[in-house]
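Residue 1 is where the sequence shown starts when you use UniProt numbering, and the numbers rise one by one after that. Virtual Cβ for every residue (Gly too), placed ideally from N, Cα, C. Right, one structure below, let's go through it.
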Amino acid sequence: MIIAIDGPAASGKGTLAKRLAAHLGLPHLDTGLLYRAVGRAAIDGGIDLEDADATAEIADGLDVASLDESRLRGREMGEAASVVASHPKVRKALLDLQRRFAHQRGGAVLDGRDIGTVIAPGAEVKIFVTADAEIRARRRHLELEKRGDAPPFASVLADIRKRDARDAGRADAPLKPAPDAHVLDTTALDVESAFAAALAFVERHR
Ligand code: C5P
């Protein structure tokens, strides 16, 4: 069974994908990490994030096994990822490895922006996780406070709105629910309730 989970930044899709995968015994791929890794390598190598050819070359040579999550999680990496993710050549370079991951072990949970629309349009279960931008910013802000690294709330909210606009506005694989996706609005849900709702969608397809 392939489960596609898409949604905007800080919607809770990552937490949900991880929990579903653990619960169902399926491998999980956070596809945002791929774009973050391309952004990170470009910055480290002094390559302009707007350079589609050079960043696509990095994407071509990306080794999923060596992704170091701890260096990819920061705020700036989300922003860098979103810039390189707007280049069709970068997206094309990352397509096959995501599809291989989805199919190689007879099932998987993938989360990102275009899993249900582009990477795995035939996925048995598609969930589009969303929440009000203010709530997403509040959750992200809380997370950063816990790490002792919180900028003002207004700047977290501005970041989220900017990333939403770029991800939803790009020409290639924009952020949007697949026509057959279950939309899960987590604005008023805690992690447990969101997980229960997602699991109910999965059970319907078993
Ligand atoms: O989900 P995360 O915040 O890690 O994603 C970082 C960025 O990578 C997103 O803002 C988006 O631009 C890009 N991305 C994408 N397609 C995916 C996953 C992430 O374009 N499937």
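**Report entry** Which of helix, strand or coil DSSP assigns to Lys126
**Finding:** For the purposes of this step, residue 126 is identified with residue 126 of the sequence shown, where counting begins at 1. Correct three-state label for Lys126: strand.
**Report entry** Option in Lys176, Gly169, Ala168 and Ile160 with minimal Cα separation from Gly78
**Finding:** Residue mapping note: residue 78 aligns to position 78 of the sequence shown, counting from 1. Residue Ile160 is the option with its Cα nearest to Gly78.
Requested in this report: Return the Cβ separation of Val125 and Met1 in integer angstroms, given the expectation that the two are a contact with Cβ distance under 8 angstroms.
Outcome: Locating residue 125 in the sequence shown gives position 125, counting from the first residue. Locating residue 1 in the sequence shown gives position 1, counting from the first residue. The Cβ separation is near 7 angstroms, so the contact holds.
Report task. Note down the Cα distance separating Leu175 from Gly32, rounded to an integer number of angstroms. Result -> What you label residue 175 is simply residue 175 of the sequence shown in a count that begins at 1. What you label residue 32 is simply residue 32 of the sequence shown in a count that begins at 1. Leu175 and Gly32: Cα-Cα distance of roughly 12 angstroms.
Query raised in the report: With respect to 7 angstroms, is the separation between the Cβ of Thr117 and the closest non-hydrogen atom of the ligand C5P below this value?
Result: The residue you call residue 117 lines up with position 117 of the sequence shown. Checking every heavy atom of the ligand C5P against the Cβ of Thr117, none is found closer than 7 angstroms.
**Report entry** 8 angstroms CB neighbourhood of Arg40 in its chain, flanking five on each side removed
**Finding:** Position 40 of the sequence shown, counted from the first residue, corresponds to residue 40. Only Arg71, Leu72, Met77 and Ala80 meet the Cβ criterion.
Report task. Put Asp30 into one of helix, strand or coil per three-state DSSP. Result -> Reading the sequence shown from its first residue, position 30 is the one you call residue 30. Note: Asp30 maps to strand in three-state DSSP.
Query - Unbroken beta strand (DSSP E) run spanning Gly112, endpoints - result: For the purposes of this step, residue 112 is identified with residue 112 of the sequence shown, where counting begins at 1. Residues Ala108 to Gly112.
Report task. Report the three-state DSSP secondary structure of Ala4 (helix, strand or coil). Result -> Taking the sequence shown and counting its residues from 1, one reaches residue 4 at position 4. Of the three classes helix, strand and coil, the one that applies to Ala4 here is strand, per DSSP.
Query raised in the report: Where DSSP assigns a beta bridge to Asp185, which residues make up the other side?
Result: If you number the sequence shown from 1, residue 185 lands on position 185. DSSP, once it has assigned bridges, lists Thr130 as partnering Asp185.
Query raised in the report: Terminal residues of the continuous alpha helix (DSSP H) containing Asp159?
Result: What you label residue 159 is simply residue 159 of the sequence shown in a count that begins at 1. It spans Phe153 to Gly169 - the alpha helix (DSSP H) in which Asp159 sits, taken as one unbroken run.
**Report entry** Any non-hydrogen atom of the ligand C5P closer than 7 angstroms to Thr15 Cβ
**Finding:** By one-based count along the sequence shown, residue 15 stands at place 15. Flag unset: Cβ of Thr15 not near the ligand C5P.
Requested in this report: For Leu142, count neighbouring Cβ atoms within 10 angstroms of its own Cβ and tell me buried if that reaches 16, exposed if not.
Outcome: Your numbering for residue 142 matches position 142 in the sequence shown. Per the 10 Å Cβ criterion, exposed.
Query - CA-to-CA distance, Arg204 to Ile3, given in whole angstroms - result: For the purposes of this step, residue 3 is taken as the residue at position 3 of the sequence shown. For the purposes of this step, residue 204 is taken as the residue at position 204 of the sequence shown. Distance between the alpha carbons of Ile3 and Arg204: 13 angstroms.
Report task. Report the three-state DSSP secondary structure of Ile115 (helix, strand or coil). Result -> Here residue 115 refers to the residue found at position 115 when the sequence shown is read from its first residue. Here Ile115 sits in helix by DSSP.
Query raised in the report: Would you call Pro152 buried or exposed, if buried means 16 or more other Cβ atoms sit within 10 Å of its Cβ?
Result: Residue 152 sits at position 152 when you count from the first residue of the sequence shown. Looking at its Cβ environment, which holds fewer than 16 other Cβ atoms inside 10 Å, Pro152 is exposed.
Report task. Buried or exposed for Ala194, please, with buried defined as at least 16 other CB atoms from any protein chain shown within 10 angstroms of its CB. Result -> Taking the sequence shown and counting its residues from 1, one reaches residue 194 at position 194. Under this definition Ala194 is a buried residue.
Query raised in the report: If you drop the 5 nearest sequence neighbours on each side, which residues of the same chain put their C-beta closer than 6 angstroms to that of Asp60?
Result: Against the sequence shown, residue 60 aligns to sequence position 60. Closer than 6 angstroms at Cβ, skipping near neighbours: Ala93.
Query raised in the report: Does DSSP put Ser86 in a helix, in a strand, or in coil?
Result: Locating residue 86 in the sequence shown gives position 86, counting from the first residue. Coil.
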